[in-house]
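S.K.: Numbering (my numbering), first residue to last: 163 to 552. The beta-carbon is built from N, C-alpha and C at its ideal position, and this holds for glycine as well. All values reported here derive from a predicted model rather than from experimental measurement.
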């Protein structure tokens, strides 16, 4: 049996008060079981004020997490809200680890070592992996990290989680991963669970996108997350040929979802164009191998809210749920503009009387997809609303 406890605080400046609020809400003497781990989300201000270091030092279990631009838990929501979800059980065990600072040239070795350290501390095979990843220019893209984690696990366990972000205009100024009370701007954390864990995964995004053009180009030359040619045309020339100025498609000018079909039996996923190189190549937030199909779509604020509301209604109807971990893409927050708080403030209301939940905005969502054969394929996403029901 797995249980989730949640707590939150808005107190940034007075460390003792913040700790008192969180500890009181958790009521650990009454509710903590034999094994436990904490999952923490907060703005970078909580790191800088010392609240995170002090709180993790007071808790009798390890804590993983990441910075975010906004969070929700315990029926509360704020850009300056620390949330803590505690997973605890008598028969499910947890093991967490943190990587060295990540470099694209060493990503395979580093992620393999991260997985090995976490897995070695478990009494048996892992049933679920939760991961929190860095979002910076020096670290590898999330899709590559997820692929290497999947490889390290033998492709046998589902992986769920998020990349860090913050509330700066670019989402990356002070973002990073939290592990054991310390802050890591360029490292990845991993939490493995062993035991009777039966997670259910939910993803919303694709159904609310609208095509800007009917053309679907095929990637004919690429290297990792760099697309060099589409339909045998230079990346830049291809979009000129279909009448879409590339300057209007690059984040952060406008959050434009590029829908990519990997032709592996799963739904298309959204990707973000980060920049265009002097050579005219497109640099995306995830890998786009040769043979993938790409099309430009649009998503507006109404679509963002409709996706969240539909997903939350589904989550609220679930039975036998101990807790919900929920992430929404930071670009969805941007698309809402002046209505940015509505996705969490209004959209999450149906959950207030159901299972405990922890919601946070993400710099890149990680959630398995189901292929045509019913198998789970681990994948990173953008523009998505994802949930893991435990």
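For residue 265, count neighbouring C-beta atoms within 10 Å of its own C-beta (all shown protein chains included) and say buried if the count is 16 or more, exposed if not.
M.R.: exposed
S.K.: Classify residue 215 as helix, strand or coil using the three-state DSSP reduction.
M.R.: Residue state for residue 215 is assigned as helix, using DSSP reduced to three classes.
S.K.: Does the segment 222 to 229 come into contact with the segment 197 to 212, if we say contact requires no fewer than three beta-carbon pairs (one atom in each stretch) closer than 8 Å?
M.R.: yes
S.K.: Name the DSSP beta bridge partners of residue 383, please?
M.R.: As DSSP reads the structure, residue 383 sits in a beta bridge with 391.
S.K.: What is the residue span of the beta strand (DSSP E) that residue 169 lies within?
M.R.: 164 to 171
S.K.: Tell me, please, which residues DSSP counts as bridged to residue 423.
M.R.: DSSP lists 455 as partners of residue 423.
S.K.: Could you pull the DSSP bridge partners for residue 256 from this structure?
M.R.: 355
S.K.: For residue 549 and residue 520, what's the separation of their Cα atoms in angstroms?
M.R.: 10 Å
S.K.: Taking residue 249 as part of the alpha helix (DSSP H), name the residues at either end of that continuous run.
M.R.: Per DSSP, residue 249 belongs to no alpha helix (DSSP H); it is in the beta strand (DSSP E), 244 to 251.
S.K.: Considering only the alpha carbon of each residue, which of 516, 430, 190 and 180 lies closest to residue 542?
M.R.: 430
S.K.: From what residue to what residue does the alpha helix (DSSP H) around residue 310 run?
M.R.: In this chain, the alpha helix (DSSP H) harbouring residue 310 covers 304 to 314.
S.K.: Is the separation between the beta-carbon of residue 467 and that of residue 527 shorter than 8 Å?
M.R.: no
S.K.: For residue 189, is the classification buried or exposed, using 16 other Cβ atoms within 10 angstroms of its Cβ as the cut-off for buried?
M.R.: exposed
S.K.: Residue 565 and residue 308: beta carbons closer than 8 Å?
M.R.: Examination of residue 565 is not possible in this model, given that the chain is present from 163 through 552 alone.
S.K.: Indicate whether residue 495 and residue 232 have their beta-carbon atoms separated by less than 8 Å.
M.R.: yes
S.K.: Between residue 256 and residue 355, is the Cβ-Cβ spacing less than 8 Å?
M.R.: yes
S.K.: Use the C-beta contact count for residue 237: other C-beta atoms within 10 angstroms, 16 or more gives buried, fewer gives exposed.
M.R.: Residue 237 is exposed by the Cβ-count criterion.
S.K.: Flag this pair as yes or no: are the beta carbons of residue 456 and residue 434 separated by less than 8 Å?
M.R.: no
S.K.: Looking only at its chain, what residues have a beta carbon closer than 6 Å to the beta carbon of residue 215, apart from the 5 residues adjacent to it on each side?
M.R.: 343
S.K.: For residue 252, count the other beta carbons within 10 Å of its own beta carbon; 16 or more makes it buried, fewer makes it exposed. Which is it?
M.R.: Label assigned to residue 252: exposed.
S.K.: Rounded to whole angstroms, how far is the Cβ of residue 174 from the Cβ of residue 209, which I believe are closer than 8 Å?
M.R.: Their Cβ separation, rounded to whole angstroms, is 10 Å, which puts residue 174 and residue 209 out of contact at 8 Å.
S.K.: Compare the Cα-Cα distances from residue 176 to each of 258, 518, 217 and 403 and report the closest residue.
M.R.: 217
S.K.: Suppose you measure from the CA of residue 306 to the CA of residue 288; what does that come to, to the nearest Å?
M.R.: 21 Å
S.K.: How many Å lie between residue 135 and residue 271 at the Cα?
M.R.: This structure cannot speak to residue 135, because the chain is shown only from 163 to 552.
S.K.: Beta carbon of residue 328, beta carbon of residue 229: below 8 Å?
M.R.: yes
S.K.: Which residues does DSSP pair with residue 527 in a beta bridge?
M.R.: 324 and 543
S.K.: With a cut-off of 8 Å on the beta carbons, I'd call residue 246 and residue 169 a contact; round off their distance for me.
M.R.: The distance from the Cβ of residue 246 to that of residue 169 is about 5 Å, consistent with a contact at the 8 Å cut-off.
S.K.: Consult DSSP for residue 441 and reduce its assignment to one of helix, strand or coil.
M.R.: coil
S.K.: Would you call the segment 442 to 449 in contact with the segment 478 to 498, where contact means no fewer than 3 C-beta pairs closer than 8 Å?
M.R.: No, the segment 442 to 449 does not touch the segment 478 to 498.
S.K.: Determine the direct distance from the alpha carbon of residue 207 to that of residue 275, and round the result to whole angstroms.
M.R.: 31 Å
S.K.: Which residue's Cα is closest to the Cα of residue 462: 502, 441 and 427?
M.R.: 502
S.K.: Can residue 490 and residue 401 be called in contact, C-beta distance under 8 Å?
M.R.: no
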